[in-house]
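Those protein sequences? They're chains A and B, same order as listed.
End of the first sequence sits at 115 in the working numbering; the numbers just go up one at a time, nothing left out.
End of the second sequence sits at 232 in the working numbering; the numbers just go up one at a time, nothing left out.
Ideal Cβ placement from N, Cα and C applies to all residues, glycine included.
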Amino acid sequence: GNSVTQMEGPVTLSEEAFLTINCTYTATGYPSLFWYVQYPGEGLQLLLKATKADDKGSNKGFEATYRKETTSFHLEKGSVQVSDSAVYFCALLPYSGAGSYQLTFGKGTKLSVIP
Amino acid sequence: GAVVSQHPSWVICKSGTSVKIECRSLDFQATTMFWYRQFPKQSLMLMATSNEGSKATYEQGVEKDKFLINHASLTLSTLTVTSAHPEDSSFYICSAQTTSIYTGELFFGEGSRLTVL
Chain A
1 GNSVTQMEGP VTLSEEAFLT INCTYTATGY PSLFWYVQYP GEGLQLLLKA TKADDKGSNK
61 GFEATYRKET TSFHLEKGSV QVSDSAVYFC ALLPYSGAGS YQLTFGKGTK LSVIP
Chain B
116 GAVVSQHPSW VICKSGTSVK IECRSLDFQA TTMFWYRQFP KQSLMLMATS NEGSKATYEQ
176 GVEKDKFLIN HASLTLSTLT VTSAHPEDSS FYICSAQTTS IYTGELFFGE GSRLTVL
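Shown next as structure tokens:
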């Protein structure tokens, strides 16, 4: 079946530090990959996505590259801010000719950025 | 961007009562909505897929008689937790897919935290 594995948190970084949150997946075919972010007290929102191998998704300084050879989609940011403190979810959408929209999520990684 | 709103954000109820949670797409039509449950420190678990005008499709292990889902219009889906018990306490989140060309993007509500006493 499909699965997503994220690094366990919580992750605590100082402001302006470099961030990496690892994400690997198991799926058949060519899934689309996503990172969602959940700020305190809010719902999830899409951060970035990649739909095919070697695609790089980027948004708000975050980026992730779809690596089929390593089945990974690691999230990176060069310089984190306090406002980036949130829970980050890696997710997979398996390819389906019928148009399946059922995402499989990782467990989430809580990031805390301290001034 | 597309907005999905859930109501209520917080609800506390007594054991044995029923609670209804609404999920509305405010500025787009959603033929498909999804209901998730999030346990503390765990990921989102898909409960059911709701298509407008038809019965919801429940994931394995989810009791359809306990978690009633209705998707009566293109902008509203409701989840009713019937005869709630303390183990039903959780964070429930809905998401919606637009009717436009599939982009793989889902829009999520803010979530509803249910506490059953």
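In whole angstroms, what is the alpha-carbon distance linking Arg-213 of chain B and Ser-169 of chain B?
The sequence given here places Thr at residue 213 of chain B; Arg does not occur at that position. Approximately 17 Å, taken between the alpha carbons.
Would you mind sorting Val-118 of chain B into buried or exposed? The rule is 16 or more other CB atoms within 10 Å of its CB.
Exposed is the call here.
To the nearest angstrom, report how far apart Tyr-88 of chain A and Trp-150 of chain B are at their CA atoms.
Each residue's Cα considered, the two are about 19 Å apart.
What is the rounded straight-line gap between the Cα of Leu-191 of chain B and the Cα of Ser-14 of chain A?
Distance between the alpha carbons of Leu-191 of chain B and Ser-14 of chain A is about 42 Å.
Within 10 angstroms of the Cβ of Thr-164 of chain B, are there 16 or more other Cβ atoms? Answer buried if so, exposed if not.
That one is buried.
Would you call the CB atoms of Asp-54 of chain A and Tyr-36 of chain A closer than 8 Å?
Not closer than 8 Å, so no.
Just curious, the beta strand (DSSP E) that Lys-68 of chain A is in, first and last residue?
That residue, Lys-68 of chain A, is in no beta strand (DSSP E); it is neither H nor E in DSSP.
Which class does Gln-6 of chain A belong to by DSSP, given the choice of helix, strand or coil?
Strand.
Which residue marks the beginning of the beta strand (DSSP E) containing Val-87 of chain A, and which one marks its end?
Val-87 of chain A -> beta strand (DSSP E) spans 86 to 93.
For the region 38 to 65 of chain A, enumerate the residues whose C-beta is nearer than 9 Å to any C-beta of chain B, in chain order.
Result list: Gln-38, Gly-41, Glu-42, Gly-43, Leu-44, Gln-45, Leu-46, Lys-49, Thr-51.
Where do the ends of the beta strand (DSSP E) carrying Gln-153 of chain B lie?
Looking at the DSSP string, the run of the beta strand (DSSP E) that includes Gln-153 of chain B is 145 to 153.
Within the region 120 to 146 of chain B, note down every full beta strand (DSSP E) run reaching 3 residues or more, in order along the chain.
Fully enclosed beta strand (DSSP E) runs of 3 or longer: 125 to 128, 134 to 140.
Output the distance between the C-alpha atoms of Tyr-30 of chain A and Leu-111 of chain A, rounded to the nearest integer angstrom.
Distance between the alpha carbons of Tyr-30 of chain A and Leu-111 of chain A: 29 Å.
Looking at the secondary structure, which residues open and close the beta strand (DSSP E) in which Leu-221 of chain B lies?
Looking at the DSSP string, Leu-221 of chain B is not in any beta strand (DSSP E), and its letter there is neither H nor E.
Sorted by chain position, which residues of the same chain lie with C-beta nearer than 6 Å to Ala-171 of chain B's C-beta, five sequence neighbours on each side aside?
Hits under 6 Å: Ala-163, Ser-165, Ile-184.
Could you tell me if Ser-133 of chain B is buried or exposed, where buried requires 16 or more neighbouring beta carbons within 10 angstroms of its beta carbon?
Classification for Ser-133 of chain B: exposed.
Hey, quick one: how far does the beta strand (DSSP E) through Tyr-25 of chain A stretch, first residue to last?
That run of the beta strand (DSSP E) goes 23 to 26.
State the beta-bridge partners of Val-37 of chain A as determined by DSSP.
Paired residue(s): A:Gln-45, A:Tyr-88.
Considering Cα atoms alone, identify which of B:Leu-161, B:Cys-128, B:Leu-232, B:Val-196 is closest to Gly-176 of chain B.
Gly-176 of chain B has its Cα closest to that of B:Leu-161, out of B:Leu-161, B:Cys-128, B:Leu-232, B:Val-196.
What three-state label does DSSP hand Val-118 of chain B in the structure shown?
Three-state DSSP puts Val-118 of chain B in coil, outside helix and strand.
Does the beta carbon of Met-7 of chain A come closer than 8 Å to any beta carbon on chain B?
Not an interface residue.
Using the C-alpha atoms, what's the distance from Leu-194 of chain B back to Leu-33 of chain A?
Leu-33 of chain A and Leu-194 of chain B: Cα-Cα distance of roughly 28 Å.
For the beta strand (DSSP E) containing Glu-178 of chain B, list its first residue and its last residue.
That residue, Glu-178 of chain B, is in no beta strand (DSSP E); it is neither H nor E in DSSP.
Per DSSP, what kind of secondary structure is Glu-76 of chain A in: helix, strand or coil?
Of the three classes helix, strand and coil, the one that applies to Glu-76 of chain A here is strand, per DSSP.
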